[in-house]
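*Asks:* After the structure tokens below, expect a handful of questions from me.
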Amino acid sequence: DVDSLANALPNVFEKRKINYLKFNHIDYLWGRDAKELVYDDIVRVLKHF
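Numbered according to this note's numbering, the sequence shown spans residues 1 to 49.
The following block contains the structure:
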């Protein structure tokens with residue numbers, strides 16, 4: 001469970017659900033919208049560190 005894991009970890013900066021019903025594990029690599037749905041936000045978060 002994502003919420004249980006996030007609560008157990010000491011340094012969760014942000015958690016988000018991908019708001020795309022058919023998004024699955026392979027979409028992280030090959031999904032057409034992966035940049036907009038995932039990677040743009042990852043880069044935004046990494047800029048805080």
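Glycine included, each C-beta is placed from N, C-alpha and C at the ideal position.
Along the alpha helix (DSSP H) that carries L37, what are the first and last residues, could you check?
*Replies:* The residue labelled residue 37 in the question sits at position 37 within the sequence shown. No alpha helix (DSSP H) holds L37; DSSP gives it neither H nor E.
*Asks:* Give the C-beta separation of K17 and A6 to the nearest angstrom, bearing in mind that I take them to be a contact with Cβ-Cβ under 8 Å.
*Replies:* Reading the sequence shown from its first residue, position 17 is the one you call residue 17. Reading the sequence shown from its first residue, position 6 is the one you call residue 6. That pair is no contact at about 12 Å.
*Asks:* For D1, does the three-state DSSP call read helix, strand or coil?
*Replies:* The sequence position of residue 1 within the sequence shown is 1, counting from 1. Note: D1 maps to coil in three-state DSSP.
*Asks:* Take F49 as the anchor and find which of F13, L9 and S4 has the nearest alpha-carbon.
*Replies:* On the sequence shown, residue 49 is found 49 positions in, with the first residue counted as 1. Measuring from the Cα of F49, the nearest candidate turns out to be F13.
*Asks:* Within its chain, find whatever has a CB closer than 7 Å to the CB of D27; leave out the 5 residues flanking it on each side and keep chain order.
*Replies:* Counting from 1 along the sequence shown, the entry for residue 27 is found at position 27. Here the set comprises A34.
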